[in-house]
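Residues in the sequence shown are numbered from 1 upward in steps of one, following full-length UniProt numbering. Backbone N, C-alpha and C fix where the C-beta goes; we use that ideal spot for every residue, glycine too. The structure displayed is predicted, hence computed values, not measured ones. Everything below concerns the one structure shown next.
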Amino acid sequence: CSDPFTALCPGECRRRGKCIRGFCHCNPPYWGLDCGRQRAWQLAPGATLVPNRAALRIYV
Numbered sequence: 001c002s003d004p005f006t007a008l009c010p011g012e013c014r015r016r017g018k019c020i021r022g023f024c025h026c027n028p029p030y031w032g033l034d035c036g037r038q039r040a041w042q043l044a045p046g047a048t049l050v051p052n053r054a055a056l057r058i059y060v
């Protein structure tokens, strides 16, 4: 690589953005350290959602 900062971008920004001075600048709608996210929250591949029925407890 001619630019030493380009080598610092994780996964070459997954080809969803540009590596500028060691940071990924993602194309919309992608975001994240490596432009690997497309939505604000999503399950990992193969994961299932299990409801959390924990009660809120406040101690004084």
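Distance, residue j Cα to residue i Cα
i	j	result
phenylalanine 23	leucine 43	25 angstroms
alanine 55	glycine 17	41 angstroms
alanine 60	proline 29	Position check: residue 60 holds valine in this sequence, whereas alanine was assumed. In a straight line, the C-alpha of valine 60 is about 43 angstroms away from that of proline 29.
arginine 53	histidine 25	38 angstroms
cysteine 19	threonine 48	33 angstroms
One or two residues paired with residue i in a DSSP bridge
i	result
arginine 37	Trp31
cysteine 19	Cys24
Option nearest residue i by Cα separation, candidates the options
i	options	result
aspartate 34	Leu49, Ala47, Pro10	Pro10
asparagine 27	Cys13, Arg53, Thr48	Cys13
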